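Chains as they are written, first to last, in my numbering: chain R, -17 to 366; chain U, -17 to 366.
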């Protein structure tokens, strides 16, 4: 059997990802053994993410949990580049972060990297585009339900007037060669984009406690520079908990892509669109005909509807194993499995949209007026 | 005779500068003929700077004067990196700019590049150092007497919250290779410093008229990038009028240096210090003994006191030619010539210091409350 090739970098995910291989290649640690047990205990009803290895890899999570159990605490940092509408893959990582906030009872910093998305030339977004998407995406994030007094949504272009002194202090410690090696810059890269990593590091240094960054593993290289410089600045190296990618609808390979709408379900997709997309595009592990399927059964490992249920939409372990068994045996047909997913996704989206309407009144708390936000706007970053 | 080697880059001035050679090497134009006449007419009592070729080179000055005579106007832009105390060479260029403001009746933008000075690692300044020097240097500049309602002092770290969208728009148009070739960046250069040129270009795009930048010629390369991108952004290429360097006290070579206090006279030097510095360090074109000097005469071309008088401190043409003749003939001794300079410099400094005390109440007009400053703080740079 020929080993399939796959590529995972911050700019590209191609092929069928071998996650154990990634742990070795990226030099991270698997979440397993006593550490996994400890995290499961803290996560409670969200522990299925650990049991099912959706959270599969980490950096310094052991130190974070130790700080937590000893009362030293931690804080969370995540972000979003507002380059277009958000899909299910995007928002799930915010739900993960919200659950971590609930379980760890801690602060969350959410960076909206509108400057980065403007500077990323291949996207060819106007400044106005990035501002419009920032408003849209922030509302989606607000709908997730973070604690308004312990969450700060930091929109780069709005906050730079405050953050600049500290961004400069970070920038002075990162030379071009290092940034180039981590981010793959070339001579053609513009000088705004090569500067941008300094701002991306800032939120990880907003508290003198350990920062835990939940992210898909492809984002891990971004934090190598942070881990190089944090201690010399009197802060902690950022810790990370890495999740697997929710696979694209179209199959277990690559990543959902905004330029291929059939690979993803958008938060704005209505029920009918969801149904059509799942029926038409969701890659099935079932057999070609009903008869054959009844006889041979389906393959849940390559079946995207099953994987979406397993990774997020069906937290009940008993139920998911029941589905797996039914499908494998051929008793459950592809259509039935797709119907289960459609039901879950449309319910999720409908609830999310309801929360989004209510979230309009929350945005100002996350950005300006909540306890944490007010503290951030008052801080003198020249003294940080 | 062996041609003396000299080097002029934005980072270094070494050797005896051949200004005609610089015009060829930098690809600028000499200020001569009808253009010189036209500039002299406009400058009036400051025309000696043209006649004596202190203003000796330009880019697009012909277009600027044409715009001016046709009523389209122009604006002026200069700046200061607040890395330490200012010396006479620094402040003279601000007096030049003020005269240009008076004669052209126009707006002036003065950028205080405190971020740049923090990012320039070889200076090893703390953030607090740059802020302290910014306050100090801004007061010196305010003492020059710019029109409070037509002058905006833009301190980078204070104004970034407003300017950022436009700085990003500039940054997106400048790739690393270009910036590297102009500024001499290496892999060791930090990613803040490589970003900084985007901010330095901003003031030249603050009006949709031609921007005239008065500067020493070593700063010319900084504007090449501006001239590459300005028109594609809907603005004019920056024009420039280049001045010669006021030579260091110690001789007609190199440039005044903050790390060698004997090469410069600081604005804070008291009369006694000025006298001591001129007597001890000012390079003389006179002969070794009084007798020899009376016989052979002095050489004004290499005599720093004469050059300072010629380039700035003695605007009266008749008087300066008288001094030249007296000195050349040997009738005027080195000590006499130094005394003339000392008298001029101490008077200048005393007047400057008096104006500086009064300027304390003007700083807020230049930075925030004057007509132009208020306009700048109100502007939406996302729409620029």
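Backbone N, C-alpha and C define an ideal beta-carbon position, used for all residues, glycine too.
Values in this document were obtained by computation on a predicted structure and should not be read as measured data.
Residue range of the unbroken alpha helix (DSSP H) whose run includes residue 108 of chain U: For the purposes of this step, residue 108 of chain U is taken as the residue at position 126 of the second chain. Segment: none, residue 108 of chain U is in no alpha helix (DSSP H) and carries neither H nor E.
message: Run through chain R and tell me which residues come within less than 8 Å of residue 252 of chain U, C-beta to C-beta.
response: Against the second chain, residue 252 of chain U aligns to sequence position 270. Ordered by position in chain R, no residue passes the 8 Å Cβ test against residue 252 of chain U, which lies about 33 Å from the chain.
query: So which residues on chain U does residue 180 of chain R lean against when the C-beta distance must stay under 7 Å?
result: Taking the first residue of the first chain as 1, we reach residue 180 of chain R at position 198. Neighbours of residue 180 of chain R in chain U, taken as residues whose beta carbon is under 7 Å from its own, are 173 and 174 in chain order.
message: Between the alpha carbons of residue -16 of chain U and residue 111 of chain U, how many angstroms are there, rounded?
response: Here the question's residue -16 of chain U lines up with position 2 in the second chain. Here the question's residue 111 of chain U lines up with position 129 in the second chain. Because the pLDDT of residue -16 of chain U is 44, which lies under 50, any placement of that residue in the model is unreliable, and the number read from its coordinates should be weighed accordingly. Looking at the two C-alpha atoms, the distance is approximately 44 Å.
- request: Give the C-beta separation of residue 323 of chain U and residue 291 of chain U to the nearest angstrom, bearing in mind that I take them to be a contact with Cβ-Cβ under 8 Å.
  value: By one-based count along the second chain, residue 323 of chain U stands at place 341. By one-based count along the second chain, residue 291 of chain U stands at place 309. Sure, about 6 Å apart at Cβ, within 8 Å.
field: Proximal residues to residue 295 of chain U (C-beta, below 6 Å), its chain only, five neighbours per side dropped
entry: As a position in the second chain, residue 295 of chain U is number 313, starting the count at 1. For residue 295 of chain U, where only same-chain residues beyond five positions count, the Cβ hits under 6 Å are 326.
message: Between the stretch 88 to 97 of chain R and the stretch 198 to 212 of chain R, can you find at least three pairs of beta-carbon atoms closer than 8 Å?
response: No contact exists between the stretch 198 to 212 of chain R and the stretch 88 to 97 of chain R.
query: Do residue 225 of chain R and residue 197 of chain R have their C-beta atoms within less than 9 Å of each other?
result: As a position in the first chain, residue 225 of chain R is number 243, starting the count at 1. As a position in the first chain, residue 197 of chain R is number 215, starting the count at 1. Yes.
query: What distance in whole Å lies between the Cβ atoms of residue 251 of chain R and residue 331 of chain R, which are believed to be in contact at a cut-off of 8 Å?
result: Mapped onto the first chain, residue 331 of chain R falls at position 349. Mapped onto the first chain, residue 251 of chain R falls at position 269. Contact holds; Cβ gap of about 7 Å.
query: Hey, is residue 101 of chain R's beta-carbon within less than 9 Å of any beta-carbon in chain U?
result: Within the first chain, numbered from 1, the residue matching residue 101 of chain R stands at position 119. Judged by the 9 Å Cβ criterion, residue 101 of chain R is in contact with chain U.
message: Against residue 369 of chain U, what residues of chain R qualify as contacts under a CB-to-CB distance less than 8 Å, listed in chain order?
response: This structure gives no information on residue 369 of chain U, because the portion of chain U shown stretches from -17 to 366.
- prompt: Do you know offhand how far residue 118 of chain R's Cα is from residue 81 of chain U's?
  reply: Locating residue 118 of chain R in the first chain gives position 136, where the first residue counts as 1. Locating residue 81 of chain U in the second chain gives position 99, where the first residue counts as 1. Approximately 51 Å between the Cα atoms of the pair.
query: Under a three-way DSSP split, which group does residue -16 of chain R fall into?
result: Numbered from 1 along the first chain, position 2 holds the residue referred to as residue -16 of chain R. Note that residue -16 of chain R scores a pLDDT of 44, beneath 50, so its modelled location is shaky and nothing firm can be said.
message: Quick check: residue 190 of chain R and residue 158 of chain R, are their CB atoms within less than 9 Å of each other?
response: The residue you call residue 190 of chain R lines up with position 208 of the first chain. The residue you call residue 158 of chain R lines up with position 176 of the first chain. If you check the CB distance, residue 190 of chain R and residue 158 of chain R do not come in under 9 Å.
query: residue 402 of chain U versus chain R: which residues are under 7 Å apart at the beta carbon?
result: Summary: the structure shown does not reach residue 402 of chain U, with chain U confined to residues -17 through 366, and so no result is reported for it.
query: To the nearest angstrom, how far is it from the Cα of residue 204 of chain R to the Cα of residue 164 of chain R?
result: By one-based count along the first chain, residue 204 of chain R stands at place 222. By one-based count along the first chain, residue 164 of chain R stands at place 182. Straight-line Cα distance between these residues: approximately 7 Å.
field: Range covered by the beta strand (DSSP E) that runs through residue 373 of chain R
entry: Only positions -17 to 366 of chain R appear in the structure, and residue 373 of chain R is not among them; the question remains open.
- prompt: How many Å lie between residue 126 of chain U and residue 67 of chain U at the Cα?
  reply: Position 144 of the second chain, counted from the start, is the residue given in the question as residue 126 of chain U. Position 85 of the second chain, counted from the start, is the residue given in the question as residue 67 of chain U. Linking residue 126 of chain U to residue 67 of chain U through their CA atoms gives a straight-line distance of about 16 Å.
- prompt: By DSSP, does residue 217 of chain R sit in helix, in strand, or in coil?
  reply: Translated into positions along the first chain, residue 217 of chain R becomes position 235. Looking at residue 217 of chain R - three-state DSSP - the assignment turns out to be coil, as it is neither helix nor strand.
message: If I follow the unbroken beta strand (DSSP E) through residue 255 of chain U, where does it start and stop?
response: Mapped onto the second chain, residue 255 of chain U falls at position 273. Residue range 253 to 263 is occupied by the alpha helix (DSSP H) that includes residue 255 of chain U, with no beta strand (DSSP E) assigned at that position.
- prompt: Residues of chain R with CB under 8 Å from residue 367 of chain U, in chain order?
  reply: This structure cannot settle anything about residue 367 of chain U, because the visible part of chain U is limited to -17 through 366.
message: Only counting the same chain, and skipping five residues up and downstream in sequence, which positions put a Cβ closer than 6 Å to that of residue 147 of chain R?
response: Here residue 147 of chain R refers to the residue found at position 165 of the first chain. The residues are 363 and 364.
field: residue -17 of chain R at chain U interface by Cβ criterion, 9 Å
entry: Taking the first chain and counting its residues from 1, the one referred to as residue -17 of chain R is at position 1. With a pLDDT of 42 at residue -17 of chain R, under the threshold of 50, the modelled position of this residue cannot be trusted; read the value that follows with caution. Chain U contact via Cβ: absent.
task: Would you mind giving the Cβ-Cβ distance between residue 221 of chain U and residue 6 of chain U, rounded to the nearest angstrom? I have them listed as a contact below 8 Å.
output: Position 239 of the second chain, counted from the first residue, corresponds to residue 221 of chain U. Position 24 of the second chain, counted from the first residue, corresponds to residue 6 of chain U. In fact, because the Cβ distance is near 19 Å, the residues do not count as touching under 8 Å.
task: Give a yes or no on whether 9 Å exceeds the smallest Cβ distance from residue 158 of chain R to chain U.
output: Along the first chain, read from residue 1 onward, the residue named residue 158 of chain R stands at position 176. Taking Cβ atoms only, chain U reaches closer than 9 Å to residue 158 of chain R, which makes this a yes.
- prompt: Rounded to whole angstroms, how far is the Cβ of residue 95 of chain U from the Cβ of residue 63 of chain U, which I believe are closer than 8 Å?
  reply: What you label residue 95 of chain U is simply residue 113 of the second chain in a count that begins at 1. What you label residue 63 of chain U is simply residue 81 of the second chain in a count that begins at 1. Confirmed, about 5 Å.
- prompt: Along chain U, which residues have their Cβ under 9 Å away from the Cβ of residue 120 of chain R?
  reply: Working through the first chain from its first residue, we reach residue 120 of chain R at position 138. Neighbours of residue 120 of chain R on chain U: none; closest Cβ ~17 Å, over 9 Å.
query: Going along chain R, which residues have a C-beta under 9 Å from residue 436 of chain U?
result: Residue 436 of chain U is absent from the model: chain U starts at -17 and stops at 366.
query: Got a sec, what are the start and stop residues for the beta strand (DSSP E) residue 61 of chain U sits in?
result: On the second chain, position 79 is the one that residue 61 of chain U refers to. First-last of the beta strand (DSSP E) with residue 61 of chain U: 56 to 62.
message: Taking CB distances under 9 Å as the criterion, tell me whether residue 227 of chain U reaches chain R.
response: Taking the second chain and counting its residues from 1, one reaches residue 227 of chain U at position 245. Residue-level contact check: residue 227 of chain U does not touch chain R, since none of the beta carbons of chain R fall below 9 Å from its beta carbon.
Interface flag, residue 169 of chain U vs chain R, CB-CB below 9 Å: Looking up residue 169 of chain U in the second chain gives position 187. Taking CB atoms only, residue 169 of chain U has a neighbour in chain R less than 9 Å away.
query: Going by the CB atoms, is the gap between residue 59 of chain U and residue 86 of chain U shorter than 9 Å?
result: Residue numbering aside, residue 86 of chain U sits at position 104 when the second chain is read from its first letter. Residue numbering aside, residue 59 of chain U sits at position 77 when the second chain is read from its first letter. No.
field: Amino acids of chain U, ordered along the chain, whose beta-carbon sits closer than 8 Å to that of residue 97 of chain R
entry: Residue 97 of chain R sits at position 115 when you count from the first residue of the first chain. Those are 146 and 150, listed as they occur along chain U.
query: Helix, strand or coil: which one does DSSP assign to residue 144 of chain U?
result: Indexing the second chain from 1 puts residue 144 of chain U at position 162. Of the three classes helix, strand and coil, the one that applies to residue 144 of chain U here is helix, per DSSP.
message: Within 10 Å of its beta-carbon, does residue 102 of chain R have 16 or more other beta-carbons around it, so buried, or fewer, so exposed?
response: Indexing the first chain from 1 puts residue 102 of chain R at position 120. So residue 102 of chain R counts as buried.
task: Quick one: list the residues of chain U neighbouring residue 142 of chain R, beta-carbon separation under 8 Å, in chain order.
output: Numbered from its first residue, the first chain carries residue 142 of chain R at position 160. Those are 142, 143 and 146, listed as they occur along chain U.
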